[in-house]
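Every position in the sequence shown, counted from 1, becomes a number in my numbering once 223 is added. Backbone N, C-alpha and C fix where the C-beta goes; we use that ideal spot for every residue, glycine too. Bear in mind the structure is a predicted one, so any value in this text is a computation, not a measurement.
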Amino acid sequence: MLSATQAMYAAMDVATALFYAWSDNCRRLVAASVMFLAGIGVLCAPDIANCQIDLPDVSASRGLRVGEFRFSPRAEILGGYDNNLFYDAFNDAREPARVALLDLSAGIQIENPDYQDFHVNLDASGTYHRVFSPSASLNDAQSSFGGDLLFLAEFFPKSILSFGVFDVFKHTIDAPNYSSERTFNRLFNKVGATVAFHPGNSSGRGALDVELGYAYEINRFVDFERLDHDAHDFDLLLTWKFFPKTALVVDGNLRLENWSVQDEQRGRTDSMPFRILGGVNGFVTKQIALQARVGFGQGFYSSGTDIQTVLGKVVLTWTPANTSIFSVGYDRDFVQSYYANFYSFDRFSASIKQRFWNRLEIRADAAFSWLDYAKFDPSGISVLYDVAQPYVVVNEANRGESAVDAGISVEVVVINYLSVYLSYNFRQLFSDFEMYTSTDNVLGAGDQLVDRGGYARHVAKGGIIVRY
């Protein structure tokens, strides 16, 4: 008789087989149907503006006021458990690395909320991340400091012509997808500027908004320098409220992506992805809002497989009260990949945001995604970590996967400045992809398995948050 675990794995194998039985034409039909129905819904919608996407802000009741500025410090102590630190496949012979977690964080937000001609918002935080396992060397290697910084300054934000500058910095903490004392930690920084034109009434806010933006982005890996890359981002956003609560939106983006070291054989080539989408944001009723955009994207990769595809986004939001938000959505897009030039995805999602009595807040979300990688066969390239078998081989050049993601967080306000926080996140990746090291460029019986695409990961955390 099958155990519960064996039954679960058998069900996962069946789900994977069903996924790969779907043809690309069938998936495109599903995507086209969703966008068509969303478009019909928007055209029938009586009005819209900007549908509420988050719970009411309660930060105004916190912080220390000094003149026109509000200082809001915070601190967190979170403990947790990760059952699969290195994203190992659930059916691998080796046991996944199971670790306990400790995150110690402190941060501060500085803002002038009652602004007129100048608005500034600075939010900075630092985190010490520690893992605990039977291996002392693993604990030291995968424990480190991280941090985030968000800076935004807006000049004349309520005038006909406005300007803005911003900077986003992150020191992310992550482990690679194989057992190692190296990390996948990354330094990310994006700095840019915007200029916006708001012709209209005396306050400078009329029916039309035109915004242009530019940003420069860098990614620097602590242990994987060959993955370093930069990007230049050019953005155009047009918004026209042709009815009081109905907005027509056109969103364009051109991105110049450059690897520090181009390597076509390893699937890393420079590109110039372009996206243009248009659509309508509208309220179907006073409580139901619909956002629908459809467009086109192309990767313009300098070599290897390129992509030309339809892009789209549909979000249906129901807000029965300002403390209750329910959403379902669909996205289709493509992104740069560290394996092959890119992967495209179709994602269906749902989320719930709920607050009770200003004391209990619950957020939950779930998503199912199809992932299609660019055609890529790295078989025969050299590797550095296995001298006896110096080449890489894979079992398929057309890599396709599906993923299930789910998460929930609960925050209980004990007193005004102290909260208890709990969270759980799950990811299941279904994949038949396998990578081996080999003595040649042909997959054979003596080759050594180094990576399977599929895995399951559970991460649970809990602790306290102090906000002043």
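Taking a C-beta distance under 8 Å as the contact criterion, Gly522 and Arg498 do not qualify as a contact pair. The beta carbon of Val682 sits closer than 6 Å to those of Asp305 and Asn648, all from its chain and outside the five residues before and after it, given in chain order. CA-to-CA, the gap between Phe355 and Gly505 works out to about 49 Å. DSSP places Ser284 in the helix class (H, G or I) of the three-state scheme.
Contact between Ile631 and Ala573 does not hold, since their C-beta atoms are separated by about 12 Å, which reaches or exceeds 8 Å. For the 8 Å CB-CB criterion, Ser602 and Val616 form a contact.
Trp580 sits exposed, since fewer than 16 C-beta atoms from the chains shown fall within 10 Å of its C-beta.
Linking Leu652 to Gly676 through their CA atoms gives a straight-line distance of about 7 Å. Judged by pairs of C-beta atoms under 8 Å, the stretch 325-338 touches the stretch 290-304, as three or more such pairs exist.
Contact between Thr406 and Ser367 holds: CB atoms are separated by about 7 Å, below the 8 Å threshold. When DSSP reads this structure, Ala312 sits in no beta bridge, so it has no partner. For secondary structure counted as the beta strand (DSSP E) over 3 or more consecutive residues, the stretch 445-523 holds these complete runs in sequence order: 452-466, 469-482, 497-506 and 511-521. In the three-state reduction of the DSSP assignment, Leu361 falls in the helix class. Straight-line spacing of the CA atoms in Tyr553 and Asp458 works out to 23 Å.
A distance below 6 Å between beta-carbons, with the five flanking residues on each side excluded, links Tyr596 to the following residues of its chain, in chain order: Ala563, Tyr566 and Arg622. With respect to the 8 Å criterion, Ser560 and Tyr524 are not classified as neighbours on the basis of their beta carbons. One Cα belongs to Asp486, the other to Phe379, and the distance between them is close to 45 Å. Between Leu372 and Phe392, the CB-CB gap stays under 8 Å. Spanning the alpha carbons of Leu641 and Leu287 requires a straight line of approximately 16 Å. Taking C-beta atoms as the reference points, Arg353 and Arg409 fail to come closer than 8 Å. If one requires a minimum length of 4 residues, the alpha helix (DSSP H) runs lying completely within the stretch 345-401 are 359-364, in chain order. Around the beta carbon of Val289, fewer than 16 other beta carbons lie within 10 angstroms, which makes this residue exposed. Where Arg555 is concerned, the enclosing beta strand (DSSP E) starts and stops at Ser547 to Gln559. Here DSSP, grouped into helix, strand and coil, assigns Ile604 to coil. Annotation: the continuous beta strand (DSSP E) that includes Val538 extends over Gln531 to Ala544.
The beta carbon of Ala589 is closer than 6 Å to those of Ala573 and Ala629 in its chain, skipping five residues each way along the sequence. Looking at the DSSP output, Glu334 sits in a beta bridge with Arg293 and Asn344.
Among the bridge pairs identified by DSSP, Asp595 is matched with Ser567 and Gly623. Looking from the CA of Gly303, the closest CA among Ala312, Asp311, Tyr310 and Val322 belongs to Val322.
According to the DSSP assignment, Ser525 belongs to no beta strand (DSSP E), since it is labelled neither H nor E. The secondary-structure analysis by DSSP pairs Ala668 with nothing; it has no beta-bridge partner. Taking 8 Å as the cut-off, the Cβ atoms of Gly518 and Val472 do not count as close. Counting the other Cβ atoms within 10 Å of the Cβ of Thr508 gives fewer than 16, which makes it exposed. Classified as buried, Leu301 has 16 or more neighbouring CB atoms from the shown chains inside 10 Å of its CB. Per DSSP, the unbroken beta strand (DSSP E) holding Gln651 starts and ends at Leu641 to Ser654. In this structure, Gly475 is the residue among Asp451, Gly475, Thr532 and Tyr678 with its C-alpha nearest to the C-alpha of Val433.
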